[in-house]
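Line by line, the protein sequences give chains H and Z. In short: position in the first sequence from 1, add 63, done, that's the numbering used here. In short: position in the second sequence from 1, add 8, done, that's the numbering used here. Working notes, beginning with the structure itself.
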Amino acid sequence: EDKVVQSPLSLVVHEGDTVTLNCSYEVTNFRSLLWYKQEKKAPTFLFMLTSSGIEKKSGRLSSILDKKELFSILNITATQTGDSAVYLCAVRTDKLIFGTGTRLQVFP
Amino acid sequence: DTEVTQTPKHLVMGMTNKKSLKCEQHMGHRAMYWYKQKAKKPPELMFVYSYEKLSINESVPSRFSPECPNSSLLNLHLHALQPEDSALYLCASSQDGGPSSGANVLTFGAGSRLTVL
Numbered sequence: 064e065d066k067v068v069q070s071p072l073s074l075v076v077h078e079g080d081t082v083t084l085n086c087s088y089e090v091t092n093f094r095s096l097l098w099y100k101q102e103k104k105a106p107t108f109l110f111m112l113t114s115s116g117i118e119k120k121s122g123r124l125s126s127i128l129d130k131k132e133l134f135s136i137l138n139i140t141a142t143q144t145g146d147s148a149v150y151l152c153a154v155r156t157d158k159l160i161f162g163t164g165t166r167l168q169v170f171p
Numbered sequence: 009d010t011e012v013t014q015t016p017k018h019l020v021m022g023m024t025n026k027k028s029l030k031c032e033q034h035m036g037h038r039a040m041y042w043y044k045q046k047a048k049k050p051p052e053l054m055f056v057y058s059y060e061k062l063s064i065n066e067s068v069p070s071r072f073s074p075e076c077p078n079s080s081l082l083n084l085h086l087h088a089l090q091p092e093d094s095a096l097y098l099c100a101s102s103q104d105g106g107p108s109s110g111a112n113v114l115t116f117g118a119g120s121r122l123t124v125l
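This is the structure we're talking about:
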């Protein structure tokens, strides 16, 4: 059965800290890995990764994929209170399979 | 237009009611999805429509009935629901639903929060 696992389940940090969120997967027919941020309602797209070792970057967020070891990480540097959200990793096969999510809380 | 619009935002219904959730996108996307999300859980796939045909049904009970009248619209008809069906129902769309669509990003709507009494 296809599986996507995220760790940690929750994280509490202070503004300015750097965090690393982990996503590991075991799926058949891997096509891509996506990161989403969910605050109150709709998940909003952050990154899509298809190739190993190529870092995607957007401002203070970056992500990389390792297809040999079957994991991805999402880094957030200099965290702000607005980064507080649930971060969802999802793996695209013929469907989109979500991980359990990491709940990040950033305090001033 | 880069949005997926869902209506209603909130719905309260009794177990004997019949209601529908609606989803609309005008991005020219040819794949549309229904997900169910319970509190503090990730979204779970229910249905996928590709080119207006149902391509995936994740063994969803028949009290949920999807419909795709055209490439821009997706409905979810609800009948005889149970209280445990209360959840946030998310609609999403992607550019393509075919075999080459693995790299396509899903765009999500804001969801319809359903409460079944």
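Beta carbons are placed, not taken as given, at the ideal position from N, Cα and C, and that holds for glycine.
Residues near residue i by beta carbon distance below 6 Å, same chain, minus five either side
i              : result
M111 (chain H) : S95 and L97
V68 (chain Z)  : M54
Y41 (chain Z)  : V56 and A100
E89 (chain H)  : K66
L124 (chain H) : I139
H18 (chain Z)  : R121
Limits of the unbroken beta strand (DSSP E) element including residue i
i              : result
V68 (chain H)  : K66 to S70
F93 (chain H)  : No beta strand (DSSP E) holds F93 (chain H); DSSP gives it neither H nor E.
Q33 (chain Z)  : K26 to Q33
P77 (chain Z)  : F72 to N78
Y57 (chain Z)  : E52 to S58
N1 (chain Z)   : Look at the range of chain Z in this structure, 9 to 125, and you will see that residue 1 (chain Z) is not part of it.
H37 (chain Z)  : No beta strand (DSSP E) holds H37 (chain Z); DSSP gives it neither H nor E.
N65 (chain Z)  : K61 to N65
L122 (chain Z) : S120 to V124
V12 (chain Z)  : V12 to T15
A47 (chain Z)  : Element bounds for A47 (chain Z): n/a, residue is neither H nor E.
L19 (chain Z)  : H18 to M21
Selected residue, minimal CA-CA separation from residue i, among the options
i              : options                           : result
E65 (chain Z)  : Z:N112, Z:Y43 and Z:H37           : In the sequence as displayed, the identity of residue 65 (chain Z) is Asn instead of Glu. Here the closest residue by C-alpha is Z:Y43.
H87 (chain Z)  : Z:V20, Z:S28 and Z:C99            : Z:S28
T165 (chain H) : Z:N25, Z:E32, Z:S120 and Z:P50    : Z:P50
E102 (chain H) : H:G162, H:D157, H:F170 and H:Y150 : H:Y150
H77 (chain H)  : H:P71, H:N85 and H:S147           : H:S147
K48 (chain Z)  : Z:L96, Z:L114 and Z:V113          : Z:L96
Q143 (chain H) : H:K120, H:S70, H:L84 and H:Q168   : H:Q168
Inter-residue spacing [alpha-carbon to alpha-carbon] between residue i and residue j
i              : j              : result
P77 (chain Z)  : N83 (chain Z)  : 8 Å
K104 (chain H) : G116 (chain H) : 31 Å
E13 (chain Z)  : F170 (chain H) : For the sequence presented, residue 13 (chain Z) should be read as Thr rather than Glu. Approximately 32 Å between the Cα atoms of the pair.
T81 (chain H)  : D129 (chain H) : 21 Å
L114 (chain Z) : G36 (chain Z)  : 13 Å
G145 (chain H) : G79 (chain H)  : 12 Å
D157 (chain H) : N92 (chain H)  : 8 Å
E11 (chain Z)  : F116 (chain Z) : 8 Å
Close-in-space but distant-in-sequence residues of the same chain around residue i (CB under 8 Å, 5 per side omitted)
i              : result
L159 (chain H) : L97 and A153
L81 (chain Z)  : K30, C31 and E32
L72 (chain H)  : T163, G164, T165 and R166
P106 (chain H) : Y99, K100 and L151
E118 (chain H) : S125, S126 and I127
Neighbourhood of residue i by C-beta distance below 7 Å, restricted to the same chain and skipping five residues each side
i              : result
S87 (chain H)  : V68, L133 and F134
V20 (chain Z)  : T123 and L125
S94 (chain Z)  : L122, T123 and V124
Q90 (chain Z)  : M23 and V124
T113 (chain H) : S95
F72 (chain Z)  : M54, L84 and L86
S79 (chain Z)  : R38 and E60
E75 (chain Z)  : N83 and H85
Residue i CB to nearest heavy atom of the ligand ADP below 6 Å
i             : result
M23 (chain Z) : As for the ligand ADP, it is missing from this structure, which has no ligand bound.
So if I threshold CB-CB distances at 7 Å, which residues from the segment 151-167 of chain H count as touching chain C? Annotation note: the requested chain C is absent from the structure, which comprises protein chains H and Z.
In chain order, what are the residue ranges of uninterrupted beta strand (DSSP E) at least 3 long that sit wholly in the segment 116-163 of chain H? 119-121, 124-129, 134-139, 148-155 and 159-161
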